[in-house]
Ligand SMILES: Nc1ncnc2c1ncn2[C@@H]1O[C@H](COP(=O)(O)OP(=O)(O)OP(=O)(O)O)[C@@H](O)[C@H]1O
Ligand SMILES: Nc1ncnc2c1ncn2[C@@H]1O[C@H](COP(=O)(O)OP(=O)(O)OP(=O)(O)O)[C@@H](O)[C@H]1O
Ligand SMILES: [Mg+2]
Ligand SMILES: [Mg+2]
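Residue numbers (this note's numbering), protein chains in the order written: chain D, 2 to 316; chain L, 368 to 660; chain X, 1125 to 1527; chain E, 95 to 450; chain A, 95 to 450.
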């Protein structure tokens, strides 16, 4: 869930194509547009093609080879890498973990963010300050956040240890225990990103015509009714956007896992990307790793498009 | 005259109008907010304080104030070359990334926003695919490509992929903004004798400061915090940006949490300071256009 | 004058050792004007991840650390390395003759020597004498695996954490599986498995080894949170006296001190050593050693002075200095007499008398199979995988790489 | 239906007072218009009555009960917003029935009341549409429908027509008037358009900078503006205001303009000779040849509108608007002569602006 | 300054034709207004003249040269937009001088021309402000200033006043008129407000659905509307239109309404007995007691506006608006009687809508 995912806001716009507005553009100036196109488009186009699209295509190509990255790929293995990936229990675990992260984002993080957003958009002193505080974790680098929480969870020196000792029982090693590590990570994910979703919701709440809420007051809605019957439906597109970020972001989760657990203990906290790194990059299994990349890509694109089709149609 | 960036109405900033909240509601709000704020703040503060402790102090007393302030933990790092080197590297990489992203994306977005040409839809969607997947999915081929370009272990080797992966979003943000400029401005400029270049230079760019700030901040934050690309593409520690540096440091001083905490604190400190100084722009930037579309 | 620059990439993190190295390098620079040696540190994990890509770039170091084995073989096959055979054999084998043959053999494939030997190592149990005494365990009586598990039980009963383990890094636990497999399968068993005879690594002795390991795991002998602990954490646990035993390298007395909370660790007198015990009714013997054989690999475009430097580095005098100050087990013939440290001496003797030296499996079997061995070792100890499944997975990975 | 009373109501935002004590009493069933220039506090006052804005001081009384601390719902008022504030996610029917739904009315009752209101406002064919699918005028009607469905004690309107175009505005104005004639609910109507106020309201309250300037029936305000502000605000085109001094004795006072022109004023005005005054002349009272003072000047601008033509001519160096018949042969640059009877001349004290 | 001619100009968006052949010739220095309901194609026509929109067929001729393929700048036209389209990042002076700057005029020349225009429009104190710091009226003046600075051959205005409030609109209207009187540049002015068109223009062109309905001076259109559409469009409040049939013989024709009321019509109208017609009665011609036919009905609505009162009364089952003097004692529900002289009664063929 890195910052780049913000862009997805524009996803809804992506398919929109040319609207009536552009139709107004005069055609009598057709002559003068070519110099602009020829000068303005190529830099972006070239960079994007060479460093984004081609590597993606090459990943698809490599994924059919057994290759350790030395020299050129020569050993064609067909679909074997894909079979290996899908049979790998750590990969299955990674898929489950990604699912879990999505679930927690949807069921916990977004409601929490929404709840906080409604609180910090009320007329109370210090609301702006609270917003800043809540947003703070989001601007910290994932690596730093992961490191900080590694310390918090540390059974010897960390805060978890401190609390446990205070209550007189033995310090748990949350990150070292297969049963708890993933939950510990989920907590960090929520901690790190709820502020971002909260900001989205604040922006969404501010975009709601204040007089509509006043109309609800006049109509006699209680605070909760106003929220449920007016605010929430009007936040629809923001909620969908937020969900979209949560989903795409969770699929991209990597930077934070590395300092926390690196995917361990015994692969209990792998995500797709850490799996790719641990099993593809560090082991120099380029073919295998590329297969993971291709699978991730397919998942992202499928989710993005079906989500867009199902939920963002009206935006 | 269309107001280009009318600030949204924000109850929290105008403390005056409307009906006042009841005492009960207020108490409820403050209790909830303070609890959550504590959850956010405590890890950060203990990290900073931990940097002032000795290891045994840390062990016995992770929360509280240091029993003896170990200024040298911080002092040694501050005076070390590696700290400043990493910060400098991060800054340089981020600055180059921001500059190129802004230039390339604004130019491309201008074409998409204002010029009708065959295939513009397809081309835009082509860039949009860049939003779908993270650099991680193609990291291995990307590595090989950068190697073939001879850019491995150079600043450009990190900057160019970061720009490339940021283009999709930046172009969309720019394009949406450009299209939001009043059409009449375009007409007026034409009547005044502008061509496309003139319009881009004299009208679009000067009016786009908010979106330039937004895209600039997004790409800066992304670059400043990025880990995986430098991890794969840089070799020399002398070129490491700080997220890599912090991991190396952790590797070296793995059990000396007090030093690690001091190092973490010092590396995130600039981020926090800048955040509080520029919070208005950062928040506006990161949530830009999120609700409007 | 044009300077030759030798870039030297290493993973060593102990400052005192690096100081010794730097001293050696500076001496070499002094003796060879026009040569400059640049030392580059890379953290262990990063190093392993980077080397393949580094090798193929113009940024490749002149020489870098190697653990030998399959990794070195793969690197050699890229053609990016320069073999040192010629240099070793020049002047009638002047260099080769100064070095233990076992060390050279470990770095040889296809009749070429792909790295200059630097040191050997041997993994053994180190223990905290004080804690053993407290629990009433006598280390000298631990001859078999049964004795060992009894000792573990006793320690546990005395409220002492028996073993420090670094499950987060995984490879520290692969020592257990490797030693158990060596003891259970014996030298021949290993040779057969590598040759793909029978079920290979899925054959009965390897499963049996896993079962022993699983039993140990069930005793919960490791410190709290060992699955997330790094190797440094494990050393710290041992050095702080929080755990009684550690299965570790020959340099443990030094590293436990560096990693301990106080920075001093256990006093050397308080540390004992015993070899990995034998298994009843199995062909492996206690003198079969498991441990690294490290060398320095030279890359294709390294300056010619690199060989010169490495020859100097492995010359008996320098090796003695390293043995004394950096506490390594030297590869130069006769240099082990410089080993002064009593515990290191024991290790040196063990090497001198060894019947078989097995390199680390995560290096020997190549990065990929090695990673699987590491994964499986952790999985067995923590009860994630049955020993049979684990053995099968290792074999699957092995046969994929060696069709 | 209910009476509404404001008792010395004040509103301050922080230290800035924007309503400085307004007292007003509105009888049951009356239609009151609040007019005034932008920013004078009309909306604020209305929102205080609605319960959307806290009252800093004074009392709002609805149906003889002080309602200062009641919520909008408890006050039983309905409000039509300038932006209509329809719920975008609900259909027209849902919008209109929302209030009843909240108060727990059974479905059939809601449907019936909504239908009734929809029939009254000609909204029947639109009941299933969303607001986004409606034209401006239709939205406006839905907003009114939402207000009447609940049968409130008081209707509040905050510039409900200002988002409509001129033609539609005139039409909706009639509809509001007709509606009020039908349902007879007490109504308070905020607008800055004096024509709207005059045509709609039983009584008009003119606000200026948070103070009440005058209150009365439309014709009272038109004929007897209490001060310069009201005089200039009411009437379209606006009254011409000229500086002058009182001249002429006793029974025949006159205002002398800067160029010496004397304009006779009614004898009953309380003016003193030499007093500095402002003279107010309504354009519609300046017609050629009807007796009274003759005023003449060069024609500066001729604006035909069909039945009538607006002529701007120069009087004592100032442009003065007169309305003449459409047939009148006005011509740019020609000399224009108009007459005004003394009793149509308004005079105000120049300092205080009070009508004399 | 230049003449402008449209020769059978057409515009199609794809297969949809929105301008169906308009021909028009505008003399040098004339002020022409294009009026018509929303969507009738006024803006499209104007933009074709400006060169902002391609011409599908026909020719636009400026100063006797066909300019179809020239850019706006080459046509030397200036345009004032509805939204003003000021450059928000430039000061007033920069806005006004932008065109000159682009054409490479030297700085002192620009400054001089800008100052001159600013003086003319009273913008001198505002030259250093940004548009955001200006009021609506001031922005409007800057937009005009930008147009005059360059001394164009033709001024084009696209509803330049529709974003202003009523008061300001009246004021700016005068300013535009005054400006035209000063500079005398040929001007084409688009509006949907017929009052604006009538007060401003020398000649008015009424457009409807992409076709020209009528063209002439304001008074021509008001007095002799060529058809029902123009009749209903020009005049405010709008003409009352009633169905009727021709009755009465030869010299004394009359229109009989559905309830039997007969309205005398002028003898020179080309009507046949029994012909189905529409009768048009302007509200301002319906006054009590001036002779002509007497029309009576129940008062439905009384809207006082000060000098005049609009009375809506029932005639043959339809509401009819009459304008009476402000003093007239109109009362809701009472009987209202108005007279209309035969020559003020407009008659149109019911089928074709053509004036008879
Ligand atoms: N929340 C607020 N904080 C401070 N001042 C305010 C606030 N709301 C309104 N005001 C001020 O109170 C005064 C009255 O505002 P109000 O909205 O009632 O004017 P209005 O008469 O309705 O104007 P308009 O015709 O433009 O709607 C204005 O000067 C305005 O600036
Ligand atoms: N780009 C376009 N594509 C298709 N149809 C268009 C386009 N632009 C305008 N039209 C149509 O052309 C007709 C005329 O539009 P135009 O904007 O000229 O109307 P207008 O008279 O200026 O209306 P208004 O008073 O609302 O500004 C309308 O029916 C409109 O829908
Ligand atoms: Mg208001
Ligand atoms: Mg238009």
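Built from N, CA and C at the ideal position, the CB exists for glycine as well.
Identity of the residue in 160/D, 217/D, 290/D, 268/D nearest residue 191/E by Cα: The shortest C-alpha separation from residue 191/E is found at 217/D.
Cβ closer than 7 Å: which chain A residues qualify as neighbours of residue 551/L? Contact note: residue 551/L reaches chain A through 175, 177, 179, using a C-beta cutoff of 7 Å and chain order.
Rounded to whole angstroms, what's the CA-CA distance from residue 29/D to residue 126/D? Just pull it up for me. Note on residue 29/D: pLDDT 46, under 50, position unreliable in the model; the coordinate value appears next. Approximately 57 Å between the Cα atoms of the pair.
Would you say residue 162/D lies against chain L (beta-carbon separation less than 9 Å)? With 9 Å as the cut-off, residue 162/D counts as an interface residue toward chain L.
Does the beta-carbon of residue 609/L have 16 or more other beta-carbons within 10 angstroms, so that it is buried, or is it exposed? Buried.
I need the DSSP call for residue 1451/X, collapsed to helix, strand or coil. DSSP places residue 1451/X in coil when its eight states are reduced to three.
Per-residue DSSP class, three states only, for residue 450/E: In the displayed model, residue 450/E falls within coil according to three-state DSSP, outside both helix and strand.
According to DSSP, simplified to helix, strand and coil, what is residue 111/E? In this structure, residue 111/E counts as strand in the three-state DSSP scheme.
Assuming contact is defined by CB atoms lying nearer than 9 Å, are residue 1492/X and residue 285/D in contact in what I supplied? The answer is yes: Cβ separation under 9 Å.
Residue 355/E: CB within 8 Å of a non-hydrogen atom of ligand 1: Not one heavy atom of ligand 1 sits closer than 8 Å to the Cβ of residue 355/E.
Report yes or no: do three or more beta-carbon pairs, one from the region 295 to 312 of chain A and one from the region 160 to 171 of chain A, lie closer than 8 Å? Counting Cβ pairs under 8 Å, fewer than three are found: no touch.
Could you list which residues in chain A have their beta carbon closer than 7 Å to that of residue 289/E, in chain order? 399, listed in chain order.
I'd like to know whether the C-beta atoms of residue 113/A and residue 297/A end up nearer to each other than 9 Å. No. Outside cutoff.
List the endpoints of the continuous beta strand (DSSP E) containing residue 250/A. Boundaries of the beta strand (DSSP E) around residue 250/A: 248 to 252.
Residue 640/L, buried or exposed, once every other Cβ within 10 Å from all chains shown has been counted against 16: Under a 10 Å Cβ-count criterion, residue 640/L is classified as exposed, with fewer than 16 other Cβ atoms of the shown protein chains found around its own Cβ.
For residue 195/D and residue 395/L, the rounded distance between their alpha carbons: Answer to the nearest angstrom: the Cα atoms are 20 Å apart.
With a threshold of 8 Å, establish whether the CB of residue 137/A neighbours any heavy atom of ligand 4. Yes.
So is residue 174/D in contact with chain X if we call contact Cβ pairs under 9 Å? Flagged as an interface residue toward chain X: residue 174/D, by a C-beta distance shorter than 9 Å.
Go to residue 1251/X, then tell me how far its beta strand (DSSP E) extends in each direction, as first and last residue. Here the beta strand (DSSP E) through residue 1251/X covers 1248 to 1252.
Assigned secondary structure, residue 220/D (DSSP; H/G/I helix, E/B strand, else coil): Looking at residue 220/D - three-state DSSP - the assignment turns out to be helix.
Give the straight-line distance between the Cα atoms of residue 1469/X and residue 1365/X, rounded to the nearest whole angstrom. Within the model, the alpha-carbon separation for residue 1469/X versus residue 1365/X is close to 23 Å.
Inter-residue Cα distance where the pair is residue 192/D and residue 185/A: So the two alpha carbons sit approximately 47 Å from each other.
Which residues, in chain order, does the region 573 to 603 of chain L contribute to contact with chain A at a C-beta distance below 7 Å? Using a CB distance below 7 Å, the part of the region 573 to 603 of chain L facing chain A consists of 573, 574, ordered along the chain.
Would the region 254 to 274 of chain D count as touching the region 90 to 108 of chain D if we require 3 or more Cβ pairs under 8 Å? The region 254 to 274 of chain D, when compared against the region 90 to 108 of chain D, does touch it at the 8 Å Cβ threshold.
What does residue 272/A touch in chain E if you count any residue whose Cβ is under 9 Å from its own? At a beta-carbon threshold of 9 Å, the residues of chain E lying near residue 272/A are 394, 395, ordered along the chain.
Run the proximity test for residue 197/E: is its beta-carbon closer than 8 Å to any non-hydrogen atom belonging to ligand 2? Checking the Cβ of residue 197/E against ligand 2 gives no.
Spatial neighbours of residue 1435/X in its chain, beta-carbon cut-off 8 Å, leaving aside the 5 residues before and after: Taken in chain order, the residues that qualify are 1211, 1219, 1240.
Quick one: grab the DSSP three-state call for residue 1350/X. Correct three-state label for residue 1350/X: coil.
Per DSSP, residue 433/A forms a beta bridge with which residues? Per DSSP, 381/A, 388/A.
Please confirm whether any heavy atom of ligand 2 lies closer than 8 Å to the CB of residue 569/L. No, the Cβ of residue 569/L stays beyond 8 Å of every heavy atom of ligand 2.
Under a CB-based cut-off of 9 Å, is residue 294/A close to chain E? Yes, contact with chain E.
Beta-carbon proximity of residue 422/E to residue 403/E, cut-off 9 Å: With contacts defined by Cβ atoms closer than 9 Å, residue 422/E and residue 403/E form a contacting pair.
Please tell me whether, using a cut-off of 8 Å, the distance from the CB of residue 147/E to the nearest non-hydrogen atom of ligand 3 is below it. Annotation for residue 147/E indicates a beta carbon at 8 Å or more from all heavy atoms of ligand 3.
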